[in-house]
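Participant: This is the structure, below, for whatever I ask next.
Residue numbers (the working numbering): -17 to 551.
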């Protein structure tokens, strides 16, 4: 039989073993020969290219067939762990900036951004695009809610534990202090610069912070018998310091008597020397017209008669009223009239201003015609400064310590300022000369007495500020502290801590707080009584723990893992 060559030819064709083809495909690895770093870089590059591919698909530059093909080509690469880590790093690089987009830390904003990120993912079907968009919105908004829940859980957990530790108690006190302040930063700055206006009278936070909220807190703590101890001590120390400052200037009766006796002895020598030396003839001749005009005044004529009477009472006969000795006695007679005019108990019809002017004219004339008399006056004035200050302080003691409100907790700055002004004016008038206060008293004593006025004024101002604000009880302030720590991260208003439900939630916390509350109140009272401690507590609020900072920031960054998972699909 003839052989069909076509059949032979067909029979000679090689047979294809399908198992062999499958084995070849499985054996082939496109990543063979690549280092771990190369695979990492390739994975990172894939993430970035996929982002660009997804954006290109949105505007029609990439079709779904291209996406499908790219996934098949990348399948072998993405089996390697180095490539997977590189792909993760690339996705982080492209996704992390989303956390910093304005509004990314709000549920609405994160959901919108997440949906846009999902929409931008490359897909092989409309169904996949819709799914990516929905998952993106869920990952974004859900991540923010999860972050807020994490922050609230952290705050609640630490809040329940804090009352049991010394550090936690200080943190609670710090937060109450800051929450009470109208302007915490300004208050902390003022507190750090606090200094006493009177030695030993250290101010409280309400007196230096210039903050109505802190002044009210100070008032609340002072009115709480369990917490008022440090403030009672501070107020008493202030009052003792003010009293001591006045008493130090006033001195003792024996000391001022000794000073006056010494002044009289030296003055007697100086004035006797001036009277013995007489007048300067040349100067008297030059000033004769002025002297004649002065002596013709009716008041001066009357003074001349009074001077003769005063001298006669001392068994001294004045024969020349125009001599230094005669004018000296006229000055003594004029001083008697001025003293009577300044004493409310000795009414006089003579004008004090007129008498002061008269003495000024008499002394100006006498000091010019007798240089030694001027020296005697200057020495007397110098030795009188300390005595004048002591008399002013003694006058304040007599006026104020008899006042029902002075020496009690109602010690009033207005009363002190009024009495100080009276005492200062009195000593100026007693000198019989129209001189400045610095000329009749030591500057340091003036500064001390005026410092007491400023100190009391500062105290009064703080009390007035403290009356301007309502006063929640300390226990409610503690309970609201925890509720605010939970409500804050959840985006709830601060008023949440004041409603019935929130107060019910806070009851277990209040039970825990019972044992810690006295200690926290004590810390607050100590801080209010000492501005430096208050400044430290206010600064402590700003120093959040790393764990707390991470918990609070979680709402911004927790949407990112969800979006990363979306990109790895």
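Where a beta carbon is used, it is the ideal one built from N, C-alpha and C, also for glycine. This structure is a prediction, so every number in the text was calculated from the model and none was measured.
(1) With DSSP as the reference, label residue 265 as helix, strand or coil.
(2) What does the alpha-carbon distance come out to for the pair residue 384 and residue 218?
(3) What residues in its chain sit with their C-beta under 7 Å from that of residue 280, if we drop five residues either side in the sequence?
(4) Does the beta-carbon of residue 309 have 16 or more other beta-carbons within 10 angstroms, so that it is buried, or is it exposed?
(5) Within 10 angstroms of its Cβ, does residue 500 collect 16 or more other Cβ (buried), or is it exposed?
(6) For residue 507, which residues in the same chain have their Cβ closer than 8 Å to its Cβ, ignoring the five residues on either side in sequence?
(7) Straight-line CA distance for residue 318 to residue 297?
(8) Quick one: any contact between the segment 395 to 408 and the segment 250 to 259, if contact means 3 or more CB pairs under 8 Å?
(9) How many angstroms separate the CA atom of residue 544 from the CA atom of residue 148?
(10) Measure the alpha-carbon distance for residue 57 versus residue 66 and round it to whole angstroms.
(11) Over the uninterrupted alpha helix (DSSP H) stretch that includes residue 303, give me the two end residues.
(12) So is residue 246 buried or exposed if we call it buried at 16+ other beta carbons inside 10 Å?
(13) Please report the residue range of the alpha helix (DSSP H) in which residue 257 lies.
(14) Could you spell out where the alpha helix (DSSP H) holding residue 190 opens and where it closes?
(15) In whole angstroms, give me the CA-to-CA distance for residue 312 and residue 404.
(16) Between the alpha carbons of residue 343 and residue 270, how many angstroms are there, rounded?
(17) Are three or more beta carbon pairs between the segment 359 to 374 and the segment 177 to 197 nearer than 8 Å?
(18) In whole angstroms, what is the alpha-carbon distance linking residue 461 and residue 522?
(19) Would you decide whether residue 158 is buried or exposed? Buried here means 16 or more other CB atoms lie within 10 Å of its CB.
(20) Hey, how far is the Cα of residue 502 from the Cα of residue 402?
(21) Where do the ends of the alpha helix (DSSP H) carrying residue 147 lie?
(22) Need the endpoints of the alpha helix (DSSP H) that residue 225 sits in, please.
(23) Using the rule of at least 16 other Cβ atoms within 10 Å of the residue's Cβ for burial, across every protein chain shown, is residue 449 buried or exposed?
(24) Kindly give me the distance between the Cβ atoms of residue 179 and residue 433, rounded to whole angstroms, as I take these residues to be in contact under 8 Å.
(25) Using CA coordinates, which residue listed in 315, 262, 406 is at the minimum distance from residue 347?
(26) Using a Cβ-Cβ cut-off of 7 Å (strictly less than) and excluding sequence neighbours within five positions of residue 454, which residues of its own chain qualify?
(27) On a CA-only basis, which of 437, 160, 17, 166 is nearest residue 223? Give me that one, please.
(28) Comparing alpha-carbon positions, which option in 168, 201, 107, 259 lies nearest residue 355?
(29) Can you give me the Cβ contacts of residue 273 inside the same chain, cut-off strictly under 8 Å, excluding the 5 residues immediately before and after it?
(30) Determine the DSSP secondary structure at residue 364, reduced to helix, strand or coil.
(31) In angstroms, rounded to a whole number, what distance separates the CA positions of residue 445 and residue 201?
(32) Can you check whether the CB of residue 510 is closer than 8 Å to the CB of residue 431?
(33) Could you pull out every residue in the same chain whose Cβ sits closer than 7 Å to the Cβ of residue 435, ignoring the five residues on either side in sequence?
(34) Using only the alpha-carbon positions, how far apart do residue 156 and residue 205 sit?
(35) Among residues of its own chain, excluding the 5 on either side of residue 173, which ones have a beta-carbon nearer than 8 Å to its beta-carbon?
(36) Within a Cβ cutoff of 8 Å, which residues of the same chain sit near residue 439, ignoring the five residues on either side of it in sequence?
Facilitator: On the basis of the data shown:
(1) Here the question's residue 265 lines up with position 283 in the chain shown. Helix, per DSSP.
(2) Counting from 1 along the chain shown, the entry for residue 384 is found at position 402. Counting from 1 along the chain shown, the entry for residue 218 is found at position 236. So the two alpha carbons sit approximately 18 Å from each other.
(3) Along the chain shown, one-based indexing puts residue 280 at 298. Excluding positions up to five away in sequence, the list is empty.
(4) One-based indexing of the chain shown puts residue 309 at position 327. Counting the other CB atoms within 10 Å of its CB gives residue 309 a total of 16 or more, which places it among the buried residues.
(5) Residue 500 sits at position 518 when you count from the first residue of the chain shown. Around the C-beta of residue 500, fewer than 16 other C-beta atoms lie within 10 Å, and the residue is accordingly described as exposed.
(6) Residue 507 sits at position 525 when you count from the first residue of the chain shown. Excluding sequence neighbours, residue 507 sits near 203, 209, 210, 211, 212, 213.
(7) Position 336 of the chain shown, counted from the start, is the residue given in the question as residue 318. Position 315 of the chain shown, counted from the start, is the residue given in the question as residue 297. Computed Cα separation, rounded: 19 Å.
(8) no
(9) In the chain shown, counting from the first residue as 1, residue 544 sits at position 562. In the chain shown, counting from the first residue as 1, residue 148 sits at position 166. Model confidence at residue 544 stands at a pLDDT of 47, short of 50, so the residue's coordinates are unreliable and nothing is read from them.
(10) As a first step, residue 57 is located in the chain shown; it is residue number 75 there, counting from the start. As a first step, residue 66 is located in the chain shown; it is residue number 84 there, counting from the start. Straight-line spacing of the CA atoms in residue 57 and residue 66 works out to 11 Å.
(11) Sequence index remark: in the chain shown, residue 303 carries index 321 (1-based). From DSSP, residue 303 is part of no alpha helix (DSSP H); its letter is neither H nor E.
(12) The residue labelled residue 246 in the question sits at position 264 within the chain shown. Exposed, since its Cβ has fewer than 16 Cβ neighbours within 10 Å.
(13) On the chain shown, position 275 is the one that residue 257 refers to. For residue 257, the enclosing alpha helix (DSSP H) has its first and last residue at 235 to 259.
(14) As a first step, residue 190 must be located in the chain shown, where it is residue number 208. Start and end: 187 to 190.
(15) One-based indexing of the chain shown puts residue 312 at position 330. One-based indexing of the chain shown puts residue 404 at position 422. Near 28 Å, if we compare the C-alpha coordinates of residue 404 and residue 312.
(16) Indexing the chain shown from 1 puts residue 343 at position 361. Indexing the chain shown from 1 puts residue 270 at position 288. Each residue's Cα considered, the two are about 14 Å apart.
(17) no
(18) Translated into positions along the chain shown, residue 461 becomes position 479. Translated into positions along the chain shown, residue 522 becomes position 540. Here the model assigns residue 461 a pLDDT of 46, short of 50, so the residue's position is not dependable, and the following value carries that caveat. Between residue 461 and residue 522, the C-alpha separation is close to 20 Å.
(19) Reading the chain shown from its first residue, position 176 is the one you call residue 158. Residue environment: residue 158 is assigned as buried (16 or more neighbouring CB atoms within 10 Å of its CB, all protein chains considered).
(20) Locating residue 502 in the chain shown gives position 520, where the first residue counts as 1. Locating residue 402 in the chain shown gives position 420, where the first residue counts as 1. For residue 502 and residue 402, the distance between alpha carbons rounds to 41 Å.
(21) Locating residue 147 in the chain shown gives position 165, where the first residue counts as 1. Per DSSP, residue 147 belongs to no alpha helix (DSSP H) and is neither H nor E.
(22) Here the question's residue 225 lines up with position 243 in the chain shown. Its alpha helix (DSSP H) spans residues 211 to 232.
(23) To locate residue 449, count along the chain shown from 1; it is residue 467. Answer is exposed; the Cβ neighbour count stays below 16.
(24) Position 197 of the chain shown, counting from 1, holds the residue named residue 179. Position 451 of the chain shown, counting from 1, holds the residue named residue 433. Right, their Cβ atoms sit about 5 Å apart.
(25) On the chain shown, position 365 is the one that residue 347 refers to. Nearest option by C-alpha distance: 262.
(26) To locate residue 454, count along the chain shown from 1; it is residue 472. Unreliable positioning characterises residue 454 in this predicted model, as indicated by a pLDDT of 48, which lies under 50. The coordinate reading is nonetheless provided below. The answer is none, since no qualifying residue turns up.
(27) Translated into positions along the chain shown, residue 223 becomes position 241. Comparing Cα positions, the closest option is 437.
(28) By 1-based counting over the chain shown, the position of residue 355 is 373. Nearest C-alpha to residue 355: 259.
(29) Numbered from 1 along the chain shown, position 291 holds the residue referred to as residue 273. Excluding positions up to five away in sequence, the list reads 266, 304, 347, 351.
(30) Position 382 of the chain shown, counted from the first residue, corresponds to residue 364. Helix.
(31) Residue mapping note: residue 445 aligns to position 463 of the chain shown, counting from 1. Residue mapping note: residue 201 aligns to position 219 of the chain shown, counting from 1. Taking the straight line from one Cα to the other gives about 7 Å.
(32) Sequence index remark: in the chain shown, residue 431 carries index 449 (1-based). Sequence index remark: in the chain shown, residue 510 carries index 528 (1-based). Contact flag unset, no.
(33) If you number the chain shown from 1, residue 435 lands on position 453. Only 395, 398, 399, 402 meet the Cβ criterion.
(34) For the purposes of this step, residue 156 is identified with residue 174 of the chain shown, where counting begins at 1. For the purposes of this step, residue 205 is identified with residue 223 of the chain shown, where counting begins at 1. Their backbone Cα atoms lie some 20 Å apart in a straight line.
(35) On the chain shown, residue 173 is found 191 positions in, with the first residue counted as 1. Answer for residue 173: 187, 190, 191, 513, 514, 516, 517, 520, listed in chain order.
(36) Locating residue 439 in the chain shown gives position 457, counting from the first residue. Same-chain partners within the cutoff: 395, 399.
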